[in-house]
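>
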Amino acid sequence: MAQTKHQNLIIIGSGPAGLTAGIYAGRARLNPLILQGKKPGGQLMGTTYVNNWPGEINILGPELMLKIQNHAVHTGCELSPESVIKTDLAKKPFTIWTHRGKELTADALIIASGSLPKMLNCPGEAEYWGKGVTSCAVCDAALYQNKNVVIVGGGDSAMEYVFALSKYTDKITVVHILDKLTATYVCQQRILELPTVKIIYSSTVSEIHGSEGHVTGVTITNQKTKEQVNMATDGVFLAIGLIPNSAIVKDQLELDEQGYIKVKNHTHTSIAGVFAAGDVIDPRYRQAISSAGSGCMAALDAERYLNDFSVSHER
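Numbering-wise, the numbering used here puts 306 at position 306 of the sequence shown, and it's gapless, one number per residue.
Here is the structure:
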């Protein structure tokens with residue numbers, strides 16, 4: 001039988017948005033519960049050095065997230081390593097269910113569930129996922145010492161992958177679907193200065209090959225000429241974008257055509273008392289600092305809502 005527990009405020013997600021929301025909500029003595037999800041700490045847990053976080057000239061992503069997490073706990077947040085599998089936002093208090101069979105209710109919610117990496121959806125991808133196909137270079141880079149690797153993508157994440165892998169191998173090929181990189185200038189220059197990195201433009205990986213349970217190569221298709229070439233590789237790293245992790249509120253909150261939660265007045269969703277922050281609302285900036293900022297705003301908005309909620313129930 002499900003265990004029921006009531007909270008003033010539940011925060012779904014533990015990346016920069018969720019934890020920053022927790023810091024502000026904790027300081028406001030709302031005693032927030034943060035449900036950390038499948039990947040506590042969010043995407044910064046899979047990065048190397050972060051050098052654009054104010055006050056930290058150079059800091060490892062996991063180290064930064066641990067600092068923010070410790071700050072959240074210090075202010076009074078309760079952290080739980082659980083994932084949300086279902087929500088009921090139709091009536092108040094709101095109800096959510098976790099993968100551990102818990103049933104939780106809350107007077108207010110902040111959804112900071114982040115985003116998930118996009119997939120190629122090509123033959124071989126699912127078969128060799130975790131067997132040479134991955135979306136986390138920092139997690140797996142050390143496994144590819146002096147090996148051939150292919151990175152799919154041309155944005156900041158792809159450039160970060162190149163940098164992480166370049167510490168272990170100089171056999172790196174970047175495959176990008178456009179005819180130029182889309183990463184920021186600083187990230188591009190950092191990578192273009194590495195003479196051993198090969199970049200194949202206007203192309204994508206259309207098939208992943210393997211043998212004996214591991215990746216052995218890829219088929220690369222030119223998007224303009226449709227010419228195909230086969231390339232031997234030991235690993236395929238995907239950095240082709242993100243999908244907002246909004247499935248738990250689908251058909252309950254208003255979403256845009258890409259699945260991002262729509263907000264008005266910065267963090268208010270289509271249901272009063274439900275707020276959203278971070279990558280799950282942001283298809284544009286996708287920066288840790290902008291996520292943290294929106295987490296701050298969501299907590300302040302939730303605090304105001306709960307104050308008004310409390311006053312209305314006292315009358």
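C-beta: ideal position from N, C-alpha, C; glycine also.
What you are looking at is a predicted structure, and each value in this text was computed from that prediction instead of being measured.
1) Here's a check: name, in chain order, each residue in its chain whose Cβ is nearer than 6 Å to the Cβ of Pro252, leaving out the five neighbours to either side.
2) What separation, rounded to the nearest whole angstrom, lies between the Cα atoms of Leu192 and Asp256?
3) Could you tell me which whole beta strand (DSSP E) segments of length 3 or greater appear in the stretch 272-310?
4) Keeping to the same chain, check which residues put their C-beta closer than 8 Å to that of Arg190; ignore five residues upstream and five downstream.
5) Hey, Leu30 and Leu64: beta-carbon distance below 8 Å or not?
6) Is it the case that the stretch 302-309 contacts the stretch 277-286, given that we only count it when at least three CB pairs across the two stretches are under 8 Å?
7) Measuring CA to CA, which of Leu143, Leu194, His74 and Leu242 is closest to Pro117?
8) Can you give me the start and stop residues for the beta strand (DSSP E) that Met231 sits inside?
9) Could you name each continuous alpha helix (DSSP H) segment of 4 residues or more that falls completely within the stretch 87-171, going from the start of the chain to the end?
10) Which runs of the beta strand (DSSP E) at least 3 residues long sit entirely within the stretch 194-256? Give them in chain order.
11) CB-CB under 6 Å to Ser320, same chain, minus the five flanking residues each way: which ones, in chain order?
12) Please report how far the alpha carbon of Ser14 lies from the alpha carbon of Glu227, in whole angstroms.
13) Mapping the DSSP letters down to three states, classify Val263 as helix, strand or coil.
14) Using only alpha-carbon positions, find the residue among Leu120, Ile12, Gly114 and Thr98 that is nearest to Leu44.
15) Quick check on the burial criterion: 16 or more other C-beta atoms within 10 angstroms. Buried or exposed for Ala142?
16) Would you call the stretch 262-275 and the stretch 284-302 touching, i.e. three or more CB-CB distances under 8 Å?
17) Report yes if the C-beta distance between Gly210 and Gly130 is below 8 Å; otherwise report no.
18) Would you decide whether Ile23 is buried or exposed? Buried here means 16 or more other CB atoms lie within 10 Å of its CB.
19) Can you check which of these residues, Gly61, Met231, Arg27 and Ile85, is closest to Tyr49 by C-alpha distance?
20) Would you be able to state if there are at least three C-beta pairs under 8 Å between the stretch 86-100 and the stretch 171-181?
21) If we count the other Cβ atoms within 10 Å of its Cβ and call it buried at 16 or more, is Tyr144 buried or exposed?
22) Could you say which of Asn146, Gly155, Ile151 and Val152 lies nearest to Thr169 if we only look at CA atoms?
Inspection of the coordinates gives the following:
1) Residue 252 sits at position 252 when you count from the first residue of the sequence shown. With the sequence shown as reference, residue 252 is identified as Gln, and Pro is not the correct amino acid for it. Contacts found: Leu89.
2) Stepping through the sequence shown from its first residue, residue 192 is reached at position 192. Stepping through the sequence shown from its first residue, residue 256 is reached at position 256. Roughly 36 Å separates the two Cα atoms.
3) 274-276
4) Here residue 190 is taken as the residue at index 190 of the sequence shown, counted from 1. Met159 and Phe163, listed in sequence order.
5) As a first step, residue 30 is located in the sequence shown; it is residue number 30 there, counting from the start. As a first step, residue 64 is located in the sequence shown; it is residue number 64 there, counting from the start. Cβ atoms of Leu30 and Leu64: not closer than 8 Å.
6) no
7) On the sequence shown, residue 117 is found 117 positions in, with the first residue counted as 1. Nearest of Leu143, Leu194, His74 and Leu242 to Pro117, Cα basis: Leu242.
8) Working through the sequence shown from its first residue, we reach residue 231 at position 231. First-last of the beta strand (DSSP E) with Met231: Gln228 to Ala232.
9) 137-140 and 156-165
10) 198-200, 203-211, 214-222, 228-232, 235-238 and 242-244
11) This structure gives no information on residue 320, because the portion of the chain shown stretches from 1 to 315.
12) Within the sequence shown, the letter at position 14 stands for residue 14. Within the sequence shown, the letter at position 227 stands for residue 227. Each residue's alpha carbon lies about 44 Å from the other.
13) The residue given as residue 263 occupies position 263 in the sequence shown. Coil.
14) Residue 44 sits at position 44 when you count from the first residue of the sequence shown. It is Gly114.
15) Along the sequence shown, read from residue 1 onward, the residue named residue 142 stands at position 142. When all chains shown are included, Ala142 counts as exposed.
16) yes
17) The residue labelled residue 210 in the question sits at position 210 within the sequence shown. The residue labelled residue 130 in the question sits at position 130 within the sequence shown. Going by C-beta atoms, Gly210 is not nearer than 8 Å to Gly130.
18) The count along the sequence shown starts at 1 and reaches residue 23 at position 23. Buried, since its Cβ has 16 or more Cβ neighbours within 10 Å.
19) What you label residue 49 is simply residue 49 of the sequence shown in a count that begins at 1. Comparing Cα positions, the closest option is Gly61.
20) no
21) Translated into the one-based positions of the sequence shown, residue 144 becomes position 144. Buried is the call here.
22) The count along the sequence shown starts at 1 and reaches residue 169 at position 169. Among Asn146, Gly155, Ile151 and Val152, the Cα nearest to that of Thr169 is on Asn146.
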